[in-house]
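In the working numbering, the protein residues as written are 79 to 259.
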Amino acid sequence: MNLEKNIENILLTQEDIKKRVSEMGKLISCDYAGKKILMIGILKGAVVFFSDLAKTIDIPVAMDFMAVSSYGHTTKSSGGVRIYKDLDVSIQGRDCLIVEDIIDTGLTLHYLMESLISRNPRSIKVCCLLDKPSRRKIDIKPDYVGFEIPDEFVVGYGLDYNEYYRNLPYICVLKPDVYTK
Ligand code: IMP
Ligand code: MG
Numbered sequence: 079m080n081l082e083k084n085i086e087n088i089l090l091t092q093e094d095i096k097k098r099v100s101e102m103g104k105l106i107s108c109d110y111a112g113k114k115i116l117m118i119g120i121l122k123g124a125v126v127f128f129s130d131l132a133k134t135i136d137i138p139v140a141m142d143f144m145a146v147s148s149y150g151h152t153t154k155s156s157g158g159v160r161i162y163k164d165l166d167v168s169i170q171g172r173d174c175l176i177v178e179d180i181i182d183t184g185l186t187l188h189y190l191m192e193s194l195i196s197r198n199p200r201s202i203k204v205c206c207l208l209d210k211p212s213r214r215k216i217d218i219k220p221d222y223v224g225f226e227i228p229d230e231f232v233v234g235y236g237l238d239y240n241e242y243y244r245n246l247p248y249i250c251v252l253k254p255d256v257y258t259k
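Structure (structure tokens):
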């Protein structure tokens, strides 16, 4: 599979992402000054963003991960959300920051928030790299957003199509024929 030849256009370059991620890290460090946070990464899409973001935060950070079901093998939401891997630690009384790759319909995040709120954290905020507000089915707003993007299926920088393209260092749209192969 030749990754480059399947790309229609690059939406966000490595430089765009690097600059914005570091701004987000500064803002988060400021907002939580004097506190410690538990960064909760949502596998697998958020891993690339998560690790870059963490390196730009200069307050004490602990890390944990959850895996939830999302699109499976298509580009449209299946509607069902399931936890495949839960947190290893208790979040009771802790300041939690959920780190997501993209918020689309909002169903995944809504389900996650319900589950996490029931565990009595001190606070929960949401940080996502990408937001597609025009696709929202549930009224939910992330606290930190990297970029708002139009209703297009994107890959790269952690985001996948059929589990591939996560390793691209930028965010792009694939050629339509990729989905019909
Ligand atoms: P939601 O539940 O509809 O908000 O979907 C969130 C999840 O769907 C994300 O965590 C992604 O895994 C996946 N997703 C949504 N839009 C895209 C996209 O454009 N590219 C790749 N994955 C996406
Ligand atoms: Mg996915």
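Cβ coordinates follow ideal geometry from the N, Cα and C atoms, glycine included.
Shortest gap from the CB of Gly184 to any heavy atom of ligand 1: under 6 angstroms.
Between Ile137 and Ser107, the C-beta gap is smaller than 7 angstroms, which places the two residues in contact. Going by beta carbons, Leu131 and Val99 fall inside the 7 angstroms limit. Taking each of Val125, Val159, Phe225 in turn and checking the Cα distance to Leu89, the smallest one comes out for Phe225.
With contacts defined as CB atoms closer than 7 angstroms, Asp179 and Leu165 fail to qualify as a contacting pair. Between Glu82 and Leu252, the C-beta spacing is not below 7 angstroms. A contact is defined here as three or more CB-CB pairs under 8 angstroms, and the segment 208-227 fails this definition with respect to the segment 238-246. When secondary structure is reduced to three states using DSSP, Lys133 falls in the coil class, being assigned neither helix nor strand. In the structure shown, Leu246 adopts coil according to DSSP, grouped into three states.
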